[in-house]
Structure formats: structure tokens, C-alpha cells
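Protein chains in written order, with the UniProt record's numbering: chain U, 1 to 333; chain V, 1 to 333.
Reviewing the structure listed below.
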DNA sequence: TTGAAAGCGCTAACAG
DNA sequence: CTGTTAGCGCTTTCAA
């Protein structure tokens, strides 16, 4: 017969002090005698006491949970290497503070409405945003909710209001582009991501900053971070810019699609066309040839993101961080 | 100045009824006059009232949250197509019942301990397990916690105690193997998953059930569901069984690794060796050649899993479900 | 340093 | 059908 869950009263009784003292021990407050503290700790482990969060939350009006809001459509999310890393890091770091991670998907009106209600209901102490687009309607609800938010990857246009940790997208793109140039490529095209994401616009900026005024409209096409989109984009690029000898693709997944398109068009890689990707995700070693790509320090990004949020919850001042990338040379360029 | 969040009292006042009646309306109970109900609904939207879950939870001792426990190591989880689908479906379905999804990672001692504490603390109304291994120490903690649990994919050895929804792994493996046989392949090897997972043992059973006593030890090697593992396994298989003309691989990711190994060994696919995968995950179309593979109805599996859990929470009787797979023929076999 | 006591906002049992 | 009421388990004054 499973006994009823012990409450703080049981602990108080077992340790011979009052509820108040137990609470003080539990919350690590100073004004407690060593004897009392020891007695309480013993009683806690004897009784198997675990704090009732609902009761605590009712009293403190803090919930002990953080929402991670996913506003990407499904396909992208799934392929997003940021995602799983961030999730793991966040879960672990938050657990250390006895907080938990609630997941919400907000890629349609209903989802956004739910998130807004959730925040309005005060059900979360903080918000973790991941690859959020510049014009996401959710951002307004988030601001209105007054709940502290941080982002993994900058939220374009809100860089100053939503602290973030991110890779140096511009620098990484520059690395890849310079590498292509150094290898003697002269007619370099690019497939970008959606321009309302940092990976979309900043990686394009990095690309054009290297090539300067040599970049023309026909050399750049826009993709959507999906593999099929990358394939289509590559076809378009080949049409607009048939004699290209290299392409920088803003994500590995799109690069995999581009590889297929090149293959279908009878171009050899890297012989005819060199291909460089971005992310260094799992797929980069699954393609043939394997992708030369730009690695982001995902672990660090994730850790920093969570660190920012925790600092924010503690009402400390926070500063966004941008982390360096690394070019990983494989076979495709 | 953001006003304090309205409580049920504010709604009661605004609608001219008592707290009790408001609560009844909110919880959809029958004994309420139409007039009262209307007044309450109006007051709710006027005041912007959102229920305080902590208070409700304190009273009802239900928490309104479900934990999704991930016990896979990182790499696998990330590549697991089940995962994102299940997450999305779960989030949506649960949101309809005003419940939320809490994520916990339990792939080491610390993680398991946290999950156990969380459950002991009564912080969750239900548990969603995903690709849990047979001997996972967490299972004991889960059973002890008495919290209703369901699994996405059977938990070997607990099929009768933890309801699940899953693809027909055995049948799918049979489909793939029969297809290879039908294409005239005679020397067929297999790379399995870990045998303490249903995808590991059942897919192997399907394979051997087709080939019967023709299967020998040297034709089967065991992988770990990673790409690198698939590559290693293929090398071992080529060593043990050099004249094979086909291989059935228990996951697409491992199949991608196998493709690399075959390529390195100078075997053409499907010319020298036909390759069939399992999952029909994103990577199946990213390889060259693209993978012939077995598709699992992930959406349905996820939906069914969540449906089972909800039924369990409602104290209905539940029955595990096994869903049919489909062979997707592409280029590799 | 500690105990006593007042609620946090809600639901459900009871009385009407 | 509806109002009243008694807590759920906890934190946090306030006194001592």
C-alpha cells in the first residue's frame, strides 16, 4: 500500500522542529542552527520527502518551469542540430536549479495562441526561444507577457531586447567563401536561408563581404533550409548562373539537396563545382562526397543561452554572446 | 502598469455569481444555468482570466503535465525520426486538454535520479517513454512511482505492463527481406540494432523468419543505430561474409554508414550489393544512391501513443497497437 | 534562532 | 441550480 506522500508537516514532526524551520532549511536560508538543519535533513531522507511544487508555486508565484518555444515548422526543427543540443543542455542545467523544461510548439495560429495563454497564465518563469523569425507574431505576445526571454540564435530586429547566444554566422560564411576563393574558384554562387533568420541574412552578408561587388543577383538564390528546397534552389542557380564553379550553401541539409541537383545535372563535385555547407550537422558526413562545411560550437551556444536565461532570472545584467566558427574541410570543396 | 493577474474571485465578482459557480463553469460541470454560464464566460474574457494551475493542482493533486522521458544517448535521439513527430503530436494533443509536456533526459545516473525524484514528487500525471531499452534502470523507478506510463515503441519485456504503439517491426523487416529475395539476391546479410530494443530484435526476427535456416551467424552483425556504427558493422560484415550480394540494415542512419563502407570497399550499390534500410527518415533521400527502405507510419504511431496515455489517465482500458509498415523502393535495392 | 499563523487561488462537499 | 466553506502544502512575516 503506497502511503500518502509526506508533506512538510511530516518532516517537521519527524525532526522535532516547526514547519517554518523545515522550510528555511529547504530553501537554504541562513538563520538556522546546525542542529536543526541536521535534524531536518535526516528527516527529509527518512521520510522521502519531496517538495510539492504546486504549493510552493502558489505561495511564491514562481513556477519552476521554463518554456522552450519552437516556432519553426516541423521539418526544419527536426533537422536543426541546435535543437537537440539546446534541449539537452537546457534540461540538465535547469534540473540543477530544480526547474523543468516545458516544450511548446508555436508554428501556427493555434499554437501561438496557446503559448500566449500559457504565458499570460503565468505558467512559466522564463522563455527559451529557438531559431525564431524576425516577424514572428509570437514575439509581441512574449513581450507583453513580461516573462524574461532569451534566444538561441539572434532574433533579427530584437537583438537589443532579447539577449542571445549565437555562432558568428557572418564570420563563418566569410571563412567558407574565402576558402572557396583560395582554392581558385572564381564563379561562386550561394544558396541562402530565409532572410528573416540570422542564418539567412548574416551568412549572406558574410558571403557578399568577401566577394564584394562581384556578387550579382543571379548568383544568389534563396532557400528554406529544407533538403528539397536546396535541390530546387540549386536547379535555379544552375539555370541563372550555368558556368558557376562553386556554391556556398547556408545549411548542410540544403547542401545535400544541392548535391543531388548537381548530380542530376551531370556536374561532378568538387571537380566541376565545389560545394561548401554550414552547420556541420550529421548529414554532412552522410553525403557523397562528404561536405566541407562550417561548424558551429553548438554545445557552447546552448550552454551560453541557458546561462543567459538563468542570469536573467536572477535579475543580473546580461550581454549577448557571439561564438567563433570553424571550417571543416572534407571532400566537397 | 501591469495589473495583478485576475483570480477566480475577480471573475465571480464581475459576473455576479459565486466562486463555486465560476469554478463549475470553468470545469465544464453540468449543474449550471445558462444565464450563469454566459455571464461567467463574458467575465472571463473581459478580465482576461487564466486559471492558476498551481492552485488547481494543489487542490486536485493533478499537475496537468506529462513527462516525456528520453533515455537514449544524445546521438541516437537526435537522429530518431520518432522523436520529433512524437513531440509535436504530444504537444498538440495535450494542449487540447490543457496539459503540458515536460521534457526530461535520463541517459545517465544523474538524469535517472532526477526523473525518479520528479515522479516521486508527484510532479507529473503521466509518462511518455520513447525508445526505451529493456533493461533501463529507470523502468523500476517508473513502476514504483505508480504514474501511468505508455511507450512509443514497445519496451521489451514489459509489453504487458506498459502499453505502447509501434510499427510492425517484424513485418517490415520481412517485407524488406522478401523484396531482396524477390530481386534475386541470395547472399543477404543484416546489420541489426541493439538487441534490447524492439527495432533491434524484432527486425532481426523478421529477417530470419524469411531466410529461415539459411541464416548463419556470420551473416548478421550488430550495430548501435549510429552512422559510424553502421559503417563499422558493414566492414565487419564484408570481412565475415565477403561474397554477400545484399544487406538489410535496421535503420537508415546505419544504412548510410554501410553505404560509405561499401563505397570504400569498392562495391557498387545496388550493382554488387543491394542495400535496404528501415525508417524512411530524412537521410534516406540524402544518400547516394537513395535508400530503399521501410517506412513507419510515425504520425499515426505518435498519435496512438498519446491517445493511449490519455485513455490511461481517464482510467479506461487500453490495448497496445501495432501498425503496418510500407516498403519504399528507391535506388539502393 | 524559532514557532505560530496568515494566506496564495482553487475545487468540491455540503447545505440550501 | 447556487453560495458557503474548508482546506490542499507551502513560504513568510511577526513575535517571542
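Quick reminder that beta carbons are idealized off the backbone N, C-alpha and C, glycines included.
query, result
"Cβ pair residue 177(U), residue 223(U) closer than 8 angstroms", "no"
"For residue 332(U), the three-state DSSP class (helix, strand or coil)", "coil"
"Cβ of residue 283(U) within 8 angstroms of any chain V Cβ", "yes"
"Whole-angstrom C-beta distance between residue 104(V) and residue 91(U), which should lie under 8 angstroms", "6 angstroms"
"Three-state secondary structure assigned by DSSP to residue 83(V)", "helix"
"CB of residue 46(U) within 8 angstroms of CB of residue 14(U), strictly", "yes"
"For residue 65(V), the first and last residue of its enclosing alpha helix (DSSP H)", "First-last for residue 65(V): 65 to 70, but that is the beta strand (DSSP E), not the alpha helix (DSSP H)."
"8 angstroms Cβ cutoff met for residue 246(V) and residue 274(V)", "yes"
"Distance between residue 317(V) and residue 96(V) (C-alpha atoms, nearest Å)", "21 angstroms"
"Integer Cβ distance of residue 295(U) from residue 314(U), believed to fall under 8 angstroms", "Incorrect: roughly 31 angstroms between the Cβ atoms, too far for contact."
"Best match in 269(V), 202(V), 244(V), 321(V) for proximity to residue 251(V) [C-alpha to C-alpha]", "202(V)"
"Spatially closest choice to residue 292(U) from 319(U), 299(U), 326(U), 298(U), by CA coordinates", "326(U)"
"Interfacial residues, the stretch 113 to 125 of chain U to chain V, with Cβ spacing under 8 angstroms", "114, 117, 118, 120, 121, 122, 123"
"Residue nearest to residue 68(V) in terms of C-alpha spacing, selected from 83(V), 55(V), 54(V)", "83(V)"
"Cβ-Cβ separation, residue 210(V) to residue 249(V) (assumed contact under 8 angstroms), whole Å", "Not confirmed; about 15 angstroms, so no contact."
"In DSSP terms, what residue 322(U) is bridged to", "166(U)"
"Local conformation of residue 222(V) per DSSP, three classes", "strand"
"Closest by C-alpha distance to residue 150(U), when choosing among 261(U), 5(U), 194(U), 130(U)", "130(U)"
"Where residue 109(U) falls, given that 16 or more other Cβ within 10 Å makes a residue buried", "exposed"
"Below-8 angstroms beta-carbon distance, residue 19(V) vs any chain U residue", "no"
"Neighbour-count burial assignment, residue 239(U), 16 or more Cβ in a 10 Å radius", "exposed"
"Check whether residue 227(V) and residue 256(V) have beta carbons under 8 angstroms apart", "yes"
"Opposing strand residues paired with residue 408(U) [DSSP bridges]", "Because chain U here runs from 1 to 333, residue 408(U) falls outside it and cannot be looked at."
"Of the listed residues 57(U), 328(U), 175(U), 171(U), nearest to residue 282(U) (C-alpha basis)", "328(U)"
"Within 8 angstroms, strictly: CB atoms of residue 125(U) and residue 64(U)", "yes"
"Selected residue, minimal CA-CA separation from residue 117(V), among 136(V), 101(V), 145(V)", "145(V)"
"Bridge-paired residues (DSSP) for residue 295(V)", "279(V), 326(V)"
"Where the alpha helix (DSSP H) containing residue 145(V) begins and where it ends", "138 to 145"
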